[in-house]
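Protein chains in written order, with my numbering: chain Z, 309 to 465; chain R, 11 to 311. Even glycine gets a Cβ: it sits at the ideal position worked out from N, Cα and C.
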């Protein structure tokens, strides 16, 4: 019975560690998807010039980025942009993202592309930061949790 | 349709006070009362308390943002020409400050006025003139003449449909520069034009005539609002290639048209066999006169 409890405890701790590390991965994925989205939108501007609504319909996405796309669509319909549901971003990130969204589609093609390039620079920095965090934090969380779990198990034994 | 573009209170006032099917224009000017045009009569829009509703910069800017579906870049080619076409053929005329880069118009800013023109599809409106335009299944080169808002576009739209209804299986190429004839959205016309139409939208007449003749082998090209000086070469090229042309032009009557540059050439060379004059005398699309190539009146109202 005691051994069973210790195994369950280790399992729960590792599960929590995994969930914590996933947040860093999700943030990285979010920015990666955002970069891809903006790049594809830039290509759209130079070629097909589809309207944002049409472009969003064709955007394939999942997880946190899907929440963002859904909120973007909602903003285009209702005029209100709410990014609170995107859990992987802090308030400063959300504010920057909001600025980006609110400025897309307001200019002619040339200015729009210039603007997107400056947005892409910002997103690139964010992506690099998220990548660094992911590479540093994920293994660290897993290792520390494992150590903590083993320590706890030793104490309990 | 306009529900998606106008503020709710304004839309509700319009719906409450007017029959939407009768409205032909909604005019909004900065700091002025909103005007609704119904059967050529103008009315000021009032709210529930009877107060006049005025337009302002914000209202017009928001309307244009929504009309462009938050994608100004996709509409800027039209905006620089002073219009946006909404689904269902609703035409939005724009006025404001023109932004230029050298000789090139970049965009329009500080919009001052918006004219929302709501089309009405009147089936069979061209029938009184149809037999003058088509003889033994051959379509005559026809120029339809009327001042703005007198039903030219409705007339040619119905003419194209009547060709289909009369089993005239000619290939019809529509050069729809402002997307007003077909009101195509994502490649699909919003109106029933029959099954023999190939459509170029949002492109110059020069492009549509030149490339259409080469690639689509049309029997007739239908186009709206020609500019004689700019488009005459394309029209002549089409006619000389054996393609008939049905076009519309702005003028109040034949005398006014005669004053336009290049009209002498049209008359001398007999490019057009029929001149049809429309007016708004008994509502838009009233058929006034039909003239032959020598300007003999062959139909008078």
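Of all the residues that make up the stretch 77-91 of chain R, which are near chain Z by a beta-carbon distance shorter than 8 Å?
78, 79, 80, 81, 82, 83, 84 and 86
Classification of residue 149 of chain R by the beta-carbon crowding that lies within 10 angstroms, buried from 16 upward:
Position 139 of the second chain, counting from 1, holds the residue named residue 149 of chain R. It counts as buried.
Own chain residues within Cβ distance below 8 Å of residue 151 of chain R, not counting five before or after
The sequence position of residue 151 of chain R within the second chain is 141, counting from 1. So the qualifying residues of the chain are 249, 254, 255, 256, 281, 282, 283 and 284.
Strictly below 8 Å CB to CB, what residues from chain R border residue 367 of chain Z?
Mapped onto the first chain, residue 367 of chain Z falls at position 59. By Cβ distance, chain R contributes nothing, its closest Cβ being about 14 Å from residue 367 of chain Z, past 8 Å.
Quick one: what's got a C-beta closer than 6 Å to residue 439 of chain Z's C-beta in the same chain, skipping five residues either side?
Taking the first chain and counting its residues from 1, the one referred to as residue 439 of chain Z is at position 131. Only 336 meet the Cβ criterion.
By Cβ distance, which residues of its chain are closer than 6 Å to residue 294 of chain R, with the 5 residues on each side in sequence left out?
If you number the second chain from 1, residue 294 of chain R lands on position 284. Contacts found: 160 and 161.
Tell me the DSSP secondary structure of residue 357 of chain Z in three-state form.
Walking along the first chain from the start, residue 357 of chain Z turns up at place 49. Correct three-state label for residue 357 of chain Z: coil.
Compare the C-beta of residue 152 of chain R with all C-beta atoms of chain Z and state if any pair is closer than 8 Å.
Residue mapping note: residue 152 of chain R aligns to position 142 of the second chain, counting from 1. Residue contact with chain Z for residue 152 of chain R: absent (no Cβ-Cβ distance below 8 Å to any residue of chain Z).
Going by beta-carbon coordinates alone, are residue 184 of chain R and residue 213 of chain R separated by less than 8 Å?
Taking the first residue of the second chain as position 1, residue 184 of chain R is located at position 174. Taking the first residue of the second chain as position 1, residue 213 of chain R is located at position 203. No, the Cβ-Cβ distance between residue 184 of chain R and residue 213 of chain R is not below 8 Å.
With 8 Å set as the bound, which would you pick, yes or no: does the beta-carbon of residue 7 of chain R sit closer than that to a beta-carbon of chain Z?
Given that chain R is displayed from residue 11 to residue 311, the structure contains no residue 7 of chain R and the question cannot be resolved.
Taking 8 Å as the cut-off, does the stretch 47-64 of chain R touch the stretch 395-402 of chain Z (at least 3 CB pairs, one atom from each stretch)?
no
According to DSSP, simplified to helix, strand and coil, what is residue 345 of chain Z?
Counted from its first residue, the first chain places residue 345 of chain Z at position 37. Helix, per DSSP.
Are the beta-carbon atoms of residue 223 of chain R and residue 236 of chain R separated by less than 8 Å?
Here residue 223 of chain R corresponds to residue number 213 of the second chain, with the count starting at 1. Here residue 236 of chain R corresponds to residue number 226 of the second chain, with the count starting at 1. No, the pair does not count as a contact, with Cβ atoms beyond the cut-off.
What residues of chain R sit near residue 360 of chain Z, judged by a beta carbon separation below 7 Å?
Residue mapping note: residue 360 of chain Z aligns to position 52 of the first chain, counting from 1. Under the 7 Å cutoff, chain R gives 79, 80 and 81.
Cα-Cα separation, residue 370 of chain Z to residue 41 of chain R:
Within the first chain, numbered from 1, the residue matching residue 370 of chain Z stands at position 62. Within the second chain, numbered from 1, the residue matching residue 41 of chain R stands at position 31. In a straight line, the C-alpha of residue 370 of chain Z is about 46 Å away from that of residue 41 of chain R.
Assuming the contact rule is C-beta atoms closer than 8 Å, residue 342 of chain Z and residue 421 of chain Z should be a hit. Round their C-beta distance to whole Å, please.
To locate residue 342 of chain Z, count along the first chain from 1; it is residue 34. To locate residue 421 of chain Z, count along the first chain from 1; it is residue 113. Not really, about 17 Å apart at Cβ, beyond 8 Å.
Tell me which residues of the stretch 102-133 of chain R have at least one Cβ-Cβ distance to chain Z shorter than 8 Å, keeping chain order.
116 and 117
Report the neighbours of residue 416 of chain Z on chain R: residues whose CB is nearer than 7 Å to its CB, in chain order.
Here residue 416 of chain Z refers to the residue found at position 108 when the first chain is read from its first residue. Those are 82, 83, 86, 116 and 117, listed as they occur along chain R.
With a threshold of 16 other CB atoms inside 10 Å of the CB of residue 86 of chain R, please say whether the residue is buried or exposed.
Residue numbering aside, residue 86 of chain R sits at position 76 when the second chain is read from its first letter. Flag for residue 86 of chain R reads buried.
Below 8 Å between beta carbons is the criterion; list the residues of the stretch 327-357 of chain Z that meet it against any residue of chain R, in chain order.
If the cut-off is 8 Å between Cβ atoms, the stretch 327-357 of chain Z has 353 and 357 near chain R.
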